[in-house]
Structures are given as structure tokens and as C-alpha cells.
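Add 55 to the 1-based position in the sequence shown for this note's numbering, that's all there is to it. Some notes on the structure that comes next.
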Amino acid sequence: MSKKKEIDKDTLVKREINRLTDLFKDIDRNKRLTAKGLIEEAAYMRITLQELKDEIDKHGPIDEMPQGDYSILREHPALKAYNTMVQRYTNIIDKLTNLHPKEEVKKEVDDGFEDFVMMK
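This is the structure we're talking about:
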């Protein structure tokens with residue numbers, strides 16, 4: 056991988072880290088260190104997943120592998136890596152989402168109006 060490509064990837068990863076950090080800014084202070092590590096991994100995975108998708112789109116999901124006098128068709132290595140990583144990425148995003156504060160469901164306070172109306 057060329058130096059220019061690495062710089063571009065680093066920039067994309069940093070942007071994704073910033074995006075995710077903003078999305079999960081309401082995480083409890085005690086959980087922030089855990090969230091920080093998960094956010095960094097998720098950001099790297101998302102950018103890598105995009106690279107793998109580009110590779111699959113460019114070369115297709117099937118790869119021809121030479122075997123001496125003949126060749127065999129197999130799943131493209133990028134597709135295999137993509138399928139594995141997308142599961143792990145989803146798992147990390149799920150863990151991050153679970154760290155996010157739960158929205159409290161507001162219960163209606165019974166003011167007795169329904170009971171009053173039903174008595175009539």
C-alpha cells in the first residue's frame with residue numbers, strides 16, 4: 056500500500072472517529088474509555104470494509120486461482136474478509152449502542168379523570 060493511500064485511510068478513519076464520537080457523546084463518563092476503544096476499532100473497520108467492498112466491486116466475488124495446469128474458482132479473499140469483518144463491526148456498533156443512555160419511557164400520571172368519566 057502506498058504512503059498516499061495510508062494517509063488517505065488515516066484521514067478517513069479520523070473523520071469516522073469524530074463522527075462516531077459525536078454520535079455517542081452522551082455516554083456515561085465511566086463508560087467513555089470503553090467507548091473510545093470501540094469507536095476507534097469501529098472507525099477503522101468501517102473504512103476497511105469500504106476498501107474491501109471496492110475490491111470486490113472491481114474484481115467480483117469469485118476469484119480464479121491457478122493450480123498448475125488448471126485453475127479453480129473460489130470466493131474472492133476480499134469477500135471472505137469482508138463477511139468476517141462486517142459481523143465484527145456490527146457487534147462493536149451493537150456494544151456501543153448498548154453503552155448509550157437508555158431513553159426513559161414517561162409514564163402518564165393517573166389524574167383520575169378516566170375513572171371519573173367512567174362513573175357517569
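For glycine and all other residues, C-beta sits at the position ideal for the given N, C-alpha and C. Keep in mind the model is a prediction, meaning the values are calculated, not measured.
Buried or exposed by the 16-neighbour rule on C-beta atoms within 10 Å, applied to residue i
{"i": "Y125", "result": "exposed"}
{"i": "E119", "result": "exposed"}
{"i": "I82", "result": "buried"}
{"i": "I127", "result": "exposed"}
{"i": "M100", "result": "buried"}
{"i": "L88", "result": "exposed"}
{"i": "E169", "result": "exposed"}
Pick from the options that is closest to residue i, judged by C-alpha positions
{"i": "M140", "options": "K108, T152, R129", "result": "K108"}
{"i": "L134", "options": "G115, P121, G123", "result": "G115"}
{"i": "A97", "options": "R129, K113, K69", "result": "K69"}
{"i": "I147", "options": "R84, A90, N73, K64", "result": "A90"}
{"i": "N153", "options": "I72, K86, D65", "result": "K86"}
{"i": "G92", "options": "K64, L67, G123, I72", "result": "I72"}
Helix, strand or coil at residue i according to DSSP, with G and I counted as helix
{"i": "P132", "result": "helix"}
{"i": "D77", "result": "helix"}
{"i": "D65", "result": "helix"}
{"i": "I72", "result": "helix"}
Presumed contact (8 Å Cβ cut-off) between residue i and residue j, rounded CB distance
{"i": "Y137", "j": "I117", "result": "In fact, because the Cβ distance is near 14 Å, the residues do not count as touching under 8 Å."}
{"i": "H155", "j": "F79", "result": "6 Å"}
{"i": "I94", "j": "L75", "result": "5 Å"}
List, from N- to C-terminal side, the alpha helix (DSSP H) runs of 4 residues or more that fit wholly inside the segment 85-169. Note on the segment 85-169: whole alpha helix (DSSP H) runs with a minimum of 4 residues are 87-114, 132-154, in chain order.
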